[in-house]
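Counting from 1, position 29 in the sequence shown corresponds to residue 40 in my numbering; the numbering is continuous, with no gaps. Glycine is no exception: its CB is placed at the ideal position from the N, C-alpha and C atoms.
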Amino acid sequence: MRGAPGRCAGLRGEADGAHVGEAALLVILGTFLGWAVVASSGSATLAVFAAPPLQLVLFLVLGAVTGILAGIRPARRAARLNMISAIAT
């Protein structure tokens, strides 16, 4: 199994695509649920759902950077593991 790194490359790409898709779906769902809570509250102070675009972009970038930095160490450690021995333990 040591000589077959190419076989795992496709799976890695599929997993990355699945995570990006899941993240995008959660962003859309969270935005919709936030809007729904504000719209259904009936309060005059929350009647308008306004989110400044610059602030949304800033939070998106900060969230992405935080996620990437948090995932670097575990990803590097997992990349060094022998998959068969990791599954066996």
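Helix or strand or just coil, what does DSSP make of residue i?
i	result
M12	Below a pLDDT of 50, predicted positions are generally treated as unreliable, and M12, at 44, falls in that range; no measurement from the model is reported.
P63	coil
L69	helix
G41	helix
L36	helix
T77	helix
G28	helix
G53	coil
Ignore the nearest five residues each way along the sequence and tell me which others in residue i's own chain have a CB closer than 8 Å to its CB.
i	result
P63	none
L67	none
Near residue i, what residues of its chain come up, given a Cβ to Cβ distance below 7 Å and the 5 sequence neighbours on each side ignored?
i	result
L37	none
A86	none
What does the Cβ neighbour count give for residue i, buried or exposed, with the cut at 16 atoms within 10 Å?
i	result
A15	Low confidence applies to A15: its pLDDT is 48, below 50, so where it sits in the model is not reliable, and the reading given next is rough at best. Label assigned to A15: exposed.
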